[in-house]
Amino acid sequence: MTGCAGFLGSHLGKKLLDDGHKVIGLDDMSTGSLRNIERLLENPNFKFINHDIRNPINLDVEGILNFACPASPIHYQNDPVRTIETNFLGMINVLHLAKKNGARVLQASTSEVYGDPKVTPQTELYWGNVNPIGIRSCYDEGKRAAETLSFDYLRQFGVDVRVVRIFNTYGPNMAIGDGRVVSNFIIQALRGEKLTIYGDGSHTRSFCYVDDLVDGILRLFFLESNPKTPINLGNPQEFTILELATLVRQKVNSSLDLVFNPLPGDDPKQRRPDIAKAKALLGWEPKIELATGIEITARYFREILTEPH
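In structure tokens form, the structure reads like this:
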């Protein structure tokens, strides 16, 4: 698995180990955290390799989960060339390795492939509305290119590649200061700071708790037959950013004020997944309510912020 020390990768690694699998975890630690994999390193079935997937690697594996790319705008815009190289060159190296081993691949794609959508909810058939030269393009177009490679390798070489399009996800192991709205709000609330809203708060997102997402990802990975289509995974319940801020205030610190700043460039105004395929093919839908997930995530960040440094 690539990106094993990141937010999603660390949760997937733990779940695979808990289920009795052997896991080789790769990460270049550019945005990953050793704290996320401390307990994994104690497991004899886990092997960690510090490796940049932009460079080829030779391993004997039966399956590959490719999660090697920063997912927050702050991180992926910090070095946009590295971001698109990770998505494109990294995907090529993963697919070469899978072809050599006859291994199954699950590619972590994203709702960002839909750009600023003109269709809602977004189905897997929607081609999206993406700015190919904007400040988010290194990530958006990088993931779209990785999807192209995935399906070309499936069609041309018969590599068993599955693609999951992940919508906004949150939970423990998110990095402090990574710029994602749930972690931003919770950290600001715990520190007693004003909650920063970009825009007027009317734009929407659909927030899925990480345990639900991991369940869906592994259902897709272990599905007996290849669905030959991307699969949306996310929470179809839509919230405005202002509603999220209100909920965080209720759960963490009700005395906080709000501050409004301009929207960043190319920021999509709406995200809501159509998960009909996930329901039909995987028997999956999210179960954890946003209020519950916010409470769990706030407990995690409260522990992080009170740890001695």
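Residue numbering for the sequence shown is 485 to 793, as defined by our numbering. C-beta atoms are modelled at their ideal positions from N, C-alpha and C, and glycine is treated no differently.
- Contact check between the region 675-689 and the region 620-631: fewer than three CB pairs, one atom from each, fall below 8 angstroms, which does not count as touching.
- In the structure shown, Leu609 adopts coil according to DSSP, grouped into three states.
- At the C-beta level, Gln754 and Thr604 come within 8 angstroms of one another.
- Residue pairing by DSSP places Pro757 opposite Gln606 in a beta bridge.
- Per the coordinates, the alpha-carbon of Phe669 lies some 36 angstroms from the alpha-carbon of Ile576.
- Taking C-beta atoms as the reference points, Phe530 and Leu492 fail to come closer than 8 angstroms.
- Asn716 and Leu500 have their C-alpha atoms some 21 angstroms from each other.
- As the crow flies, the alpha-carbon of Leu747 is around 12 angstroms from that of Ile725.
- Taking a cut-off of 8 angstroms for Cβ pairs, the region 656-672 and the region 630-648 do not touch, as fewer than three such pairs fall below it.
- The residue from Trp768, Asn719, Gly661, His687 with its alpha-carbon nearest to that of Pro557 is Gly661.
- For Ile568, the enclosing alpha helix (DSSP H) stretches over residues 564-585.
- Between the region 639-648 and the region 582-593 there are three or more C-beta pairs closer than 8 angstroms, enough to call the two in contact.
- Beta-bridge analysis with DSSP links Ala592 to Val648.
- Under the DSSP assignment, Asp699 falls in the alpha helix (DSSP H) whose first and last residues are 694-705.
- Excluding five sequence positions before and after Arg588, the CB atoms of its chain that fall closer than 6 angstroms to its own CB belong to Gly547, Asp644, given in chain order.
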